[in-house]
Structure formats: C-alpha cells, structure tokens
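Notes follow the structure.
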C-alpha cells in the first residue's frame, strides 16, 4: 500500500484529520483513502468529525483541558512530596533534600526543609486539585482531618499516595469522557509520565 494513503486514512479514521472534500472523494486517490478508512474504522462517519473536533478542543483549551492539566500537575507534585516523606521516614536526608529541590524546581517555590513543610505542601496540592476538580468544602475538611492524622513521614507518604491514586481515578474518568466524545484513542498524549504510572 501507498504510505501517504495509509497515513491519511489513519488520520481520518481516528478523527484526527478532517474528512476529504466531495471533490477529493470522487477521485481515485480519494476513493482509495476512504476505502482504507472504512477498513480501519467500520463505524466512521464524516458527520461525527465536527462533534469530535469540538470535544477535542474542550480537552486542549477548554474546561476539561484545565482539569487534565491541574490533575497532571497535582499527581506529579504529590509523587515527589510522597517520595520526600518516604525518604524522611527512612532517615535518608540526602535523598529527601534532593527530592525537595526537584519539587522547588517544578513549582518555583522554596524547597520544603522538614516534615511540617512537606505536610503543608501535600495539603496545599491536594486542596488545589480538589478545587480545580470542583470539590466541595466538605472535601477540604476531610483533607485537613486526614492530614492532621498523619503524625509521621511514613503516614504522610501514605496520604500523598492515596490522594495521588484518587486523582488518577478522576483522570481515568476524564479519559473515558474524552474517548467517548472525541472517538479518539490518544489521551495518553495529555498525560505526564507520573500520571501514566499512577493510572
């Protein structure tokens, strides 16, 4: 097969490229592309392209896009903070400092230097993510309670991980919504490596 026909057909079948014009579809090359599109995606419909494109825009620049971005960032930060707490729990000060440094680089904030500082940042990250996801005040009280019960770096690491997986669960929901509304299967392209791991 012709590689140009194949790549065009794949793009159209996945709703990543717009459908061919009526003129192009009446030409031999256009017919070959559309025949391949039907093989790749028997449910393909040119009418669906506009709906898919509109949904894709919401995920790249709209509300859903903002949710994806803030969840990504929160998962990344909780990942580092959880590891920092774990290093503190194991008495590995050197590792804790280097992780705290990488958190500072990601956020532009000063590196947390002790357990209380890490704990405060974990709370702030979770609250930000919950608020971005439209969480209610009850959630904030719950977060504060969970955090106040984390009396040691080991417990704090557990709290950070639990919330990381809860946020990954929300991301999973967004992925299902994305795939259903855009009919595309490329949601991974929006995810940071930490999020992919958590999922």
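Numbering (this note's numbering), first residue to last: 41 to 239. Glycine included, C-beta positions come from ideal geometry on N, C-alpha and C. Nothing here was measured: the structure is a model prediction, and the numbers come from that model.
- Taking C-alpha positions only, residue 158 is separated from residue 214 by approximately 29 Å.
- In the three-state DSSP reduction, residue 190 falls in the coil class, being neither helix nor strand.
- Counted as a single uninterrupted DSSP element, the alpha helix (DSSP H) harbouring residue 110 occupies residues 103–129.
- Your pair residue 121 and residue 200 checks out as a contact, with CB atoms roughly 5 Å apart and the cut at 8 Å.
- The criterion of a C-beta distance shorter than 8 Å is satisfied by residue 81 and residue 53.
- Around the CB of residue 165, 16 or more other CB atoms lie within 10 Å, so the residue is classed as buried.
- Less than 8 Å divides the Cβ of residue 207 from the Cβ of residue 114.
- Counting every other CB atom within 10 Å of its CB across the protein chains shown gives residue 152 a total of 16 or more, marking it as buried.
- Rounded to the nearest whole angstrom, the CA to CA distance from residue 92 to residue 71 is 23 Å.
- As the crow flies, the alpha-carbon of residue 55 is around 46 Å from that of residue 137.
- Annotation: residue 109 to residue 221 spans about 18 Å, alpha carbon to alpha carbon.
- Straight across, the Cα-Cα distance linking residue 161 with residue 77 is about 49 Å.
- In this structure, the beta-carbon distance from residue 73 to residue 95 does not fall below 8 Å.
- Residue 204 is positioned such that its CB atom lies closer than 8 Å to that of residue 119.
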